[in-house]
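Okay, so the sequence shown: first residue is 1 according to this note's numbering, each after it adds one.
Take a look at the structure set out below.
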Amino acid sequence: MDNKISYQVKRTMNRLGLHSSAMIMMLLMLIVGMTIRSPYFLTVGNFEVIMSSFVLEAIMAIGLTFVIISGGIDLSVSAVLPMSAILVAMLLTAGVPIAISIIIVLLFSILIGFFNAGLKIVLNVHPFIATLAMQLTLRGLALVISKGENVSGLPKAFTQLGQGYFLGILIPIWIFFILIVVFGYLLKHHKFFQQVYFIGWDPDAARVSGMKVNFFTLFVFGFSSLLAGLAGILAAAQYGAAHNSFALGAELKVITAVAIGGTSMVRGGTGTMFGTFLGIMFMAILNNAFMMSGISTYWQDVVTGVMLLLAILLAETLKSKKLKLS
């Protein structure tokens with residue numbers, strides 16, 4: 001009986017992969033530890049707190065997964081979010097219909113992504129520099145147009161997007177799960193999306209093989225900014241207002257969630273949406289554990305930084321072992 005169980009465990013680990021299996025074990029250890037510490041941890045109410053407090057970063061992580069697998073990086077997502085929140089709030093308070101306001105902001109977000117990609121394609125600017133410059137620019141613009149003040153007075157029909165429930169679950173959480181399931185499936189099974197692995201691993205070889213690398217670069221950066229814009233819209237709906245301080249430092253949390261999920265930060269071509277989901281859940285539960293334990297928020301940044309470093313080291317160690325075995 002024990003041998004049969006051991007065989008099933010090994011078989012499951014082989015299917016999931018070493019990194020995903022390790023992440024699941026870490027998640028289980030964290031959950032068990034917090035359950036022992038607090039009887040309120042494994043409750044429906046706390047699960048909602050866990051997800052709702054990290055859902056905006058989780059949505060951005062989906063787009064960033066594509067960017068990082070393609071060999072890029074996007075630091076501007078944490079500035080696209082507040083800029084989008086402020087823009088949609090200003091449009092709504094000016095009397096623009098909800099649907100039109102959302103479409104305008106999403107199109108604006110896509111253009112930001114295209115501009116980031118254009119700097120890489122046309123001027124050969126490294127994505128780190130291009131998106132960092134864009135982050136600073138958007139933060140400044142958000143501060144200028146909002147004058148550093150809250151933009152409030154949003155219609156109730158709009159705030160329902162962030163505060164409303166469907167089947168007992170917050171709408172933003174539904175949006176996240178739908179997005180990660182759909183794009184997780186497409187990344188795994190659709191040929192167009194699978195190109196991201198080849199392009200991330202060797203863009204020159206991808207060009208020689210006939211892949212439209214520049215077009216795909218535009219797509220992944222546009223998609224990343226689109227989801228950051230969506231997160232900004234949901235943030236404004238969730239809080240009933242918009243402020244330029246939204247998502248300060250969120251890019252570090254998002255990148256860490258993607259990295260500890262197994263997406264390589266050193267070289268593209270590696271990563272899965274399932275891994276990103278595990279990374280998101282780990283970061284969300286870890287944040288909740290800090291809050292429930294009463295640990296200072298300063299330590300959260302320390303742990304996030306350490307987790308990012310460990311994720312990079314682990315991913316590269318596993319990759320080097322795979323190369324030796326092959």
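Idealized CB from N, CA, C, for every residue including glycine.
Where the alpha helix (DSSP H) containing residue i begins and where it ends
i: Glu57; result: Val55 to Ile69
i: Ser152; result: Careful: Ser152 lies outside any alpha helix (DSSP H) and carries neither H nor E.
i: Val122; result: Ile98 to Leu123
i: Ala257; result: Ala250 to Ile260
i: Thr276; result: Met273 to Ser293
i: Ala205; result: Pro203 to Val208
i: Pro39; result: Premise fails: Pro39 is in no alpha helix (DSSP H) and is neither H nor E.
i: Ala247; result: No alpha helix (DSSP H) holds Ala247; DSSP gives it neither H nor E.
i: Ala89; result: Val77 to Thr93
i: Thr131; result: Pro127 to Ser146
i: Ile50; result: Val44 to Ser52
Environment of residue i [buried if 16+ CB atoms lie within 10 Å]
i: Ser70; result: buried
i: Ile5; result: Per-residue confidence for Ile5 stands at a pLDDT of 39, beneath the threshold of 50, marking its modelled position as unreliable; no derived number is given.
i: Asn124; result: exposed
i: Pro39; result: exposed
i: Glu251; result: buried
i: Lys120; result: buried
i: Phe166; result: exposed
i: Phe192; result: exposed
i: Val77; result: buried
i: His331; result: The question about residue 331 has no answer here: the residues shown for the chain are numbered 1 through 326.
i: Arg207; result: exposed
i: Ser152; result: exposed
i: Met29; result: exposed
Residue i and residue j closer than 8 Å at C-beta
i: Val254; j: Ala130; result: no
i: Ile50; j: Ala241; result: no
i: Ala382; j: Ile312; result: The structure shown does not extend to residue 382, since the chain is modelled only from 1 to 326, so the question has no answer here.
i: Gly229; j: Val80; result: yes
i: Thr92; j: Ser101; result: Reading the sequence as shown, one finds Leu at residue 92 and not Thr. Yes, Cβ-Cβ distance for Leu92 and Ser101 is below 8 Å.
i: Ala231; j: Ile103; result: no
i: Phe216; j: Gln195; result: yes
i: Ala237; j: Thr159; result: yes
i: Ala85; j: Ala257; result: no
i: Gly269; j: Trp174; result: no
i: Leu87; j: Val105; result: yes
Bridge partner(s) assigned by DSSP for residue i
i: Leu170; result: Tyr165
i: Ala242; result: Val151
Practice problem: Would you be able to state if there are at least three C-beta pairs under 8 Å between the stretch 111-130 and the stretch 257-268? | Solution: These segments do not touch.
Quiz item: Do three or more CB pairs link the stretch 204-224 to the stretch 52-59 at distances below 8 Å?
Solution: no
Exercise. Taking 8 Å as the threshold, find out whether the stretch 286-296 comes into contact with the stretch 25-36 through three or more Cβ pairs.
Key: yes
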